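Data block below; observations after.
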Amino acid sequence: MTDVRAAAAAFAADRDGGDDALRAVLAVDESGDAWTFDDVDIDSGTFGELVSRGIVEKEDGGYRVADRAAVRAALDGEEVAEAEPREFGFSLPSVDRRTAGALSGSLLVLLAFRLFALPDVYQLGRTVLLANDPYYYRYWLFQFLQTGGSPLTVPEGIRIGEPLYVLFLQVLTTLLGGTERAANLVLAWYPVVTALVTGVAVYLTAVRLTDDRRVGVASVLILAVTPAHAYRTAIGFSDHHPFDFFVLSLSLLAVVALTAKKTDTFDDVLRADVLPWAAAFGITVGFQVLAWNAGPLLLLPLAVYALLASLAAVDGDTSPLARLTPLAIGLALGSVVSLLGHYGAGWQETYMAITPLLLLAGTVAVALVAEGASRRGLGVRVVAASVFGAGLVVFALSYVLLPEFGSEFVQQVSQLFLHTGQENIAEVRSLFSTQFGIITGPFFFFGLSLFFAIPAFAWAAWHGWNHDRPAWLVASAYAWVFFVLTIAQVRFAGELAIVGAVFGGFAFVWLANRLELAAAPGIGESSTSNPWRDDDSEEATFTLPDARTVGSLFVVFLLIGGLCAMMTPIRTGAITHDASTVQTANAMNEYAETHNQTWPENYVFSEWSNNRVYNAFVSGQSKSYGYARANYVDFLTSTNGSEWYQTLGSRRGFVVTQPYPAVNASEDSLYYKLQEQWGVGTKHYRAIYGSENGKKAFETVEGATITGPANGSQSQLSGTITVDGQSVDVNQNVDVNHGVYVTNISNPGTYTVNGQSVTVSEDDVADGDRVSTFDGPGVASYSFNEGEGDVAYDRWGGHHAKLHNVSWTEGVNGSAVEFNGSGYVQAPVPSQDEFTVSLWVKPDELDTTSGNDYRHLVRGSTGAMLILEENGRVSFRIPGGERRLWMAGQISNDEWSHITAVYNGESRSLYINGENVGTQEVSNENADWGPWIRIGGNAGLSHTFNGSIDSTQVYGRALTEGEVKNQTSRAGGQ
Numbered sequence: 001m002t003d004v005r006a007a008a009a010a011f012a013a014d015r016d017g018g019d020d021a022l023r024a025v026l027a028v029d030e031s032g033d034a035w036t037f038d039d040v041d042i043d044s045g046t047f048g049e050l051v052s053r054g055i056v057e058k059e060d061g062g063y064r065v066a067d068r069a070a071v072r073a074a075l076d077g078e079e080v081a082e083a084e085p086r087e088f089g090f091s092l093p094s095v096d097r098r099t100a101g102a103l104s105g106s107l108l109v110l111l112a113f114r115l116f117a118l119p120d121v122y123q124l125g126r127t128v129l130l131a132n133d134p135y136y137y138r139y140w141l142f143q144f145l146q147t148g149g150s151p152l153t154v155p156e157g158i159r160i161g162e163p164l165y166v167l168f169l170q171v172l173t174t175l176l177g178g179t180e181r182a183a184n185l186v187l188a189w190y191p192v193v194t195a196l197v198t199g200v201a202v203y204l205t206a207v208r209l210t211d212d213r214r215v216g217v218a219s220v221l222i223l224a225v226t227p228a229h230a231y232r233t234a235i236g237f238s239d240h241h242p243f244d245f246f247v248l249s250l251s252l253l254a255v256v257a258l259t260a261k262k263t264d265t266f267d268d269v270l271r272a273d274v275l276p277w278a279a280a281f282g283i284t285v286g287f288q289v290l291a292w293n294a295g296p297l298l299l300l301p302l303a304v305y306a307l308l309a310s311l312a313a314v315d316g317d318t319s320p321l322a323r324l325t326p327l328a329i330g331l332a333l334g335s336v337v338s339l340l341g342h343y344g345a346g347w348q349e350t351y352m353a354i355t356p357l358l359l360l361a362g363t364v365a366v367a368l369v370a371e372g373a374s375r376r377g378l379g380v381r382v383v384a385a386s387v388f389g390a391g392l393v394v395f396a397l398s399y400v401l402l403p404e405f406g407s408e409f410v411q412q413v414s415q416l417f418l419h420t421g422q423e424n425i426a427e428v429r430s431l432f433s434t435q436f437g438i439i440t441g442p443f444f445f446f447g448l449s450l451f452f453a454i455p456a457f458a459w460a461a462w463h464g465w466n467h468d469r470p471a472w473l474v475a476s477a478y479a480w481v482f483f484v485l486t487i488a489q490v491r492f493a494g495e496l497a498i499v500g501a502v503f504g505g506f507a508f509v510w511l512a513n514r515l516e517l518a519a520a521p522g523i524g525e526s527s528t529s530n531p532w533r534d535d536d537s538e539e540a541t542f543t544l545p546d547a548r549t550v551g552s553l554f555v556v557f558l559l560i561g562g563l564c565a566m567m568t569p570i571r572t573g574a575i576t577h578d579a580s581t582v583q584t585a586n587a588m589n590e591y592a593e594t595h596n597q598t599w600p601e602n603y604v605f606s607e608w609s610n611n612r613v614y615n616a617f618v619s620g621q622s623k624s625y626g627y628a629r630a631n632y633v634d635f636l637t638s639t640n641g642s643e644w645y646q647t648l649g650s651r652r653g654f655v656v657t658q659p660y661p662a663v664n665a666s667e668d669s670l671y672y673k674l675q676e677q678w679g680v681g682t683k684h685y686r687a688i689y690g691s692e693n694g695k696k697a698f699e700t701v702e703g704a705t706i707t708g709p710a711n712g713s714q715s716q717l718s719g720t721i722t723v724d725g726q727s728v729d730v731n732q733n734v735d736v737n738h739g740v741y742v743t744n745i746s747n748p749g750t751y752t753v754n755g756q757s758v759t760v761s762e763d764d765v766a767d768g769d770r771v772s773t774f775d776g777p778g779v780a781s782y783s784f785n786e787g788e789g790d791v792a793y794d795r796w797g798g799h800h801a802k803l804h805n806v807s808w809t810e811g812v813n814g815s816a817v818e819f820n821g822s823g824y825v826q827a828p829v830p831s832q833d834e835f836t837v838s839l840w841v842k843p844d845e846l847d848t849t850s851g852n853d854y855r856h857l858v859r860g861s862t863g864a865m866l867i868l869e870e871n872g873r874v875s876f877r878i879p880g881g882e883r884r885l886w887m888a889g890q891i892s893n894d895e896w897s898h899i900t901a902v903y904n905g906e907s908r909s910l911y912i913n914g915e916n917v918g919t920q921e922v923s924n925e926n927a928d929w930g931p932w933i934r935i936g937g938n939a940g941l942s943h944t945f946n947g948s949i950d951s952t953q954v955y956g957r958a959l960t961e962g963e964v965k966n967q968t969s970r971a972g973g974q
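Start counting the sequence shown at 1; every next residue gets the next number (full-length UniProt numbering).
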């Protein structure tokens, strides 16, 4: 208002008859309709000066007084502030005591709606951030504290992404003491503080746009309850979004204030109230690019505005170049800030950093083309085609000359609209996606406020174009672009909420006016609408309405913002972590500290949405949830726990499960065995904690194996395990095959299987030991009488063997294993200091090619033990000791022969069919074949046995000659 008042006062003082000219235009303007030059009795020179000074402006094909109240004030001789102060500075709306009270109250409402999660953030002695992503930034902040670097140096790993935000966290934490406590304080409270600053910026933007403080306060109230902004700026939501909102709100304020200072000539560009806002706008543009890797997308409204503003200027007989010059100045400064961050500190990729520069080039091109077309008197449609063509040329040149920009543009568009590579992430879903509900989606994020704001978006675009109001045009550009982006991905809903709050506040005052509760909302340029239905000639300040009006206004606000107020605590509550999550994390952390487990032994494998919170409190490594997101569901639905134990590799630490209805898992799945059976039978997953609501934590271990004899096809395992100091009863069915049961155990304890008690120790679980209830005369015995499957059971010691590429055939007494020259049987039989190994052998062929002239009968991991030579002779070597082979005896093709090798520490003997065919003294030979023996061949294709092998036994002592004879006479020792 003061600008028009000052201009009118100066006009009256500078010109003879200036007062009369002002009264003449006031008189013709009283009708409320647009009028022409012919309707007023003044000369063309005087009229032209009135227009150039902004006292009279074009509107609806005619003219209107810009601000009647301001002109009256000048004529009445009221004291007027200097219209155009020469000092360099900002002009902000004044705030009287009542306005300050109303604004403070609205900010208190905003604060209250950001503190719903306060009890969830401070629980069980921890600062528990909301959702998942904030723990990514917690990781970087805590890394900064641990390394002790400069707060002005952003770690290399985050320089592409959100470097300015991380710098902000580091500096603020350092200023508060540089401790973990300070870091937790910053992470918890910075979103709330930035929300309050954003609220103030929204108020200033609304008042700058409308000249109506009521709209400003109403806008803050709408922002306070809008879920899309409220839950993303809630206490503990220390994602990059609150910082982005903060920078965006300042940028929006700056560009609205900048465009509100209409620059019809180049002299206007140099006004002292234009350049400060251009500078502020430019800095915020650069900050937007450096704050978030998607920051360049937030500059799209400026591109739209540049196109529209150039056309509107042509339509209004105004210089497009002059109109867009302040914007170009701001973009130039933004380009400098962005490029300094990129080239000076290595922040952001080049294609991101040059975005303001490309936008500057496009703006200048559009302005020049529009200016040239306008001066040639071309129509708006022709100018529009030219302007759009200029924009396309700039884009095409950028796409072709900057391949990195072009490829990234394609990728970003693909991610934005097709969600490529971002499946199952909620924030990249469309506002109208089925996940949120095609109809209900907008209500979850905006309540009803968006539906009231959208008509205001449209009106603002119309008003900005038809009445030459660039500020309204730029505000509508922000609204529509963010609306489209939010339709594509709801992660932009918070940005839409900011500009949407301004229009929502405008809609609130408009609706109150239609219900005769308040005067019409202001529309800028020193509006004179009074807040509570008084004379329109009064300045729009707050007065106290009566109680009935207050009640009515409250009902109107509930209509617009009531659903928002209901949805905000629901949306906020959905991203908090309950006590059971924190208790589970604390239990794993305590367990890891007790057992001196450090990274990566304390990695937590869990459902991805909670993965970062668990790792933040246990391993400290909350940088990524990528592995969990890619693999966790497959892990739960798998039936092979041992395979996943190997797959986890260096990530073997802890596993967390919880009731997970989305997983369609069978009773054989890991999910069922862990969640329902406490990991009993999984071997590698030891239960260490269980919460009241079903969350369970498991340590990955080598695990023990229990095996023994049993009857029937199924037996029962029962016992009691101790989990976090509590006893848990377990019962499990155990399959029985060929009279043998085998089950895996991950928790130490005493179990009963088939009526026998079995004790599994801590060491058994930690070392992967086998616990057997078999009680045979030797170490291992393989009768090979199964006749099917790929397992040969050891009924002496439980060292069950695995069959590889072999088949079943008739044996000495029952079935045997047939080898085709490429298979083998591997048995986990540990090495013995003294031993006896015996087996029945029936070779199919002996003499073969020179490359396969001998055949392995028995070998260990350290080398051969028994070899069948090409002439049928048998070689015996002490494994792990000598390299020499000692040969004795001979067997024939297609006949069963019993071979026994005996070593007593001093000599070795070979027996063929019970007869001693040789004995040799051996000195200083320590037998060691390793953790397993392999029967019938090597893992490769050379020197593998062709023929059949039956009943194989291993003793941990040297049998006597009589015992060997007796063993042979039992036809396979069965």
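Backbone N, C-alpha and C define an ideal beta-carbon position, used for all residues, glycine too. Being a predicted model, the structure only gives us computed values, none of them experimental.
Original post:
Span of the beta strand (DSSP E) holding Arg908?
Top reply: Unbroken beta strand (DSSP E) run through Arg908: 907-912.
Subject >> Residues of its chain near His898, where Cβ-Cβ distance is below 6 Å and the 5 sequence neighbours each way are ignored >> reply: Residues Trp840, Asn913, Thr968 of the same chain have their beta carbon placed closer than 6 Å to that of His898, with the five preceding and five following residues left out of the count.
Original post:
Does the beta-carbon distance from Leu324 to Ala309 come in below 8 Å?
Top reply: Closer than 8 Å, so yes.
Subject >> Backbone secondary structure at Gly101 - three-state DSSP >> reply: Three-state DSSP puts Gly101 in a helix.
Original post:
Who are Asp950's beta bridge partners in DSSP?
Top reply: Partner(s): Trp840.
**OP:** Under 7 Å Cβ to Cβ from Phe246, same chain only, skipping five residues before and after it: list those, please.
**Re:** These residues qualify, in order along the chain: Thr194, Val197, Thr198.
**OP:** Give a yes or no on whether the C-beta atoms belonging to Tyr190 and Ser622 are separated by under 8 Å.
**Re:** Going by C-beta atoms, Tyr190 is not nearer than 8 Å to Ser622.
Original post:
Excluding sequence positions up to five away, which residues of its chain have a Cβ less than 6 Å from the Cβ of Val917?
Top reply: Within the same chain, Val917 has close Cβ partners Ala888, Gly889, Leu910.
Original post:
Is the Cβ-Cβ distance between Arg612 and Tyr627 less than 8 Å?
Top reply: No; because the gap between Cβ atoms is not below 8 Å, this pair is not in contact.
**OP:** Might you give, ordered along the chain, the residues of its own chain that have their beta carbon closer than 7 Å to the beta carbon of Tyr955, omitting 5 neighbours on each side?
**Re:** Sequence-distant Cβ neighbours of Tyr955 in its own chain, meaning closer than 7 Å and more than five residues away, are Gly778, Val779, Phe835, Thr836.
Original post:
What is the rounded straight-line gap between the Cα of Phe144 and the Cα of Cys564?
Top reply: Roughly 38 Å between the two C-alpha positions.
**OP:** Entirely within the segment 537-620 and at least 4 residues each: give me those alpha helix (DSSP H) ranges in chain order.
**Re:** List check, alpha helix (DSSP H) in window: 547-574, 579-594, 608-618.
**OP:** Could you check what DSSP says for Arg533 in three-state terms: helix, strand or coil?
**Re:** With a pLDDT of only 35 at Arg533, under 50, the local geometry of the prediction cannot be trusted, and no value is derived from it.
Original post:
DSSP on Gly863, reduced to helix/strand/coil?
Top reply: The answer is strand: DSSP assigns Gly863 an E or B state.
Original post:
Between the segment 549-557 and the segment 237-244, do at least 3 Cβ pairs fall closer than 8 Å?
Top reply: Touching, no.
Original post:
Taking just the CA atoms, how far does Val825 sit from Leu803?
Top reply: Their Cα atoms are separated by approximately 5 Å.
**OP:** Give me the Cα-Cα distance between Asp763 and Thr584, rounded to the nearest whole angstrom.
**Re:** Between the alpha carbons of Asp763 and Thr584 lies a distance of about 25 Å.
**OP:** List in chain order: all unbroken beta strand (DSSP E) runs of 3+ residues lying wholly within the segment 655-699.
**Re:** Complete beta strand (DSSP E) runs here, min 3: 685-690.
Original post:
Applying the criterion that 16 or more other CB atoms from any shown protein chain within 10 Å of the CB defines a buried residue, is Glu79 buried or exposed?
Top reply: At Glu79, the pLDDT of 47 sits below 50, so the modelled position is not reliable; the number obtained from the coordinates is stated separately. Residue burial is scored here from C-beta neighbours: Glu79 has fewer than 16 other C-beta atoms within 10 angstroms and is therefore classed as exposed.
Original post:
Leu331: which of Ala306, Tyr351, Leu359 sits nearest, CA to CA?
Top reply: The residue with the shortest Cα to Cα distance from Leu331 is Leu359.
Original post:
From Leu471 to Pro569, what distance separates their C-alpha atoms?
Top reply: In the sequence on display, residue 471 carries Ala and not Leu. One alpha carbon belongs to Ala471, the other to Pro569, and they sit about 34 Å apart.
Subject >> Asp120 in three-state terms, based on DSSP >> reply: Helix.
**OP:** Check the C-beta distance from Gly719 over to Gly749 and give it rounded, since I have them as a contact under 8 Å.
**Re:** The beta-carbon distance between Gly719 and Gly749, rounded to whole angstroms, is 5 Å. This is short enough to meet the 8 Å contact definition.
Original post:
How is the beta strand (DSSP E) around Asn737 delimited, first residue to last?
Top reply: For Asn737, the enclosing beta strand (DSSP E) starts and ends at 726-737.
Original post:
Going by the beta-carbon positions, is the gap between Phe605 and Val655 smaller than 8 Å?
Top reply: Here Phe605 is near Val655, since their CB atoms are less than 8 Å apart.
Original post:
Using the rule of at least 16 other Cβ atoms within 10 Å of the residue's Cβ for burial, across every protein chain shown, is Gly286 buried or exposed?
Top reply: Label assigned to Gly286: buried.
Subject >> Gly776: CB within 7 Å of a non-hydrogen atom of the ligand ADP >> reply: The ligand ADP is absent from the structure shown, which contains no ligands of any kind.
**OP:** Enumerate in chain order the residues of its own chain whose CB-to-CB distance from Val806 is below 8 Å, with the five nearest sequence positions on each side excluded.
**Re:** By the criterion of a C-beta distance shorter than 8 Å, Val806 is surrounded in its chain by Val817, Glu818, Phe819, Asn820, Gly823, Tyr824, Val825, Gly936, once the five residues flanking it on both sides are discounted.
Original post:
Buried or exposed: where does Arg548 fall if 16 or more other Cβ atoms within 10 Å of its Cβ makes it buried?
Top reply: Arg548 sits exposed, since fewer than 16 C-beta atoms from the chains shown fall within 10 Å of its C-beta.
Original post:
Taking one C-beta from the segment 95-106 and one from the segment 50-67 each time, how about it: are there three or more such pairs within less than 8 Å?
Top reply: With the cut-off at 8 Å, the segment 95-106 and the segment 50-67 do not touch.
Original post:
Just how far apart, CA to CA, sit Phe266 and Ala367?
Top reply: Looking at the two C-alpha atoms, the distance is approximately 13 Å.
Original post:
So, does the CB of Ser969 fall closer than 8 Å to a CB anywhere in chain B?
Top reply: Going by chain labels, chain B is absent from the structure shown, which holds only one protein chain.
Original post:
CA-CA distance, Phe784 and Gly797?
Top reply: Approximately 15 Å between the Cα atoms of the pair.
Original post:
Comparing alpha-carbon positions, which option in Thr682, Val121, Ala260, Leu175 lies nearest Val207?
Top reply: With distances taken between Cα atoms, Val207 lies closest to Ala260.
**OP:** Find the nearest neighbour of Gly505 within the set Phe557, Tyr645, Ala479, Ile283, judged by alpha-carbon distance.
**Re:** That would be Phe557, whose Cα lies nearest to the Cα of Gly505.
Original post:
If you pair each beta-carbon of the segment 494-512 with each one of the segment 212-223, do three or more pairs fall below 8 Å?
Top reply: At 8 Å Cβ cutoff, the stretches touch.
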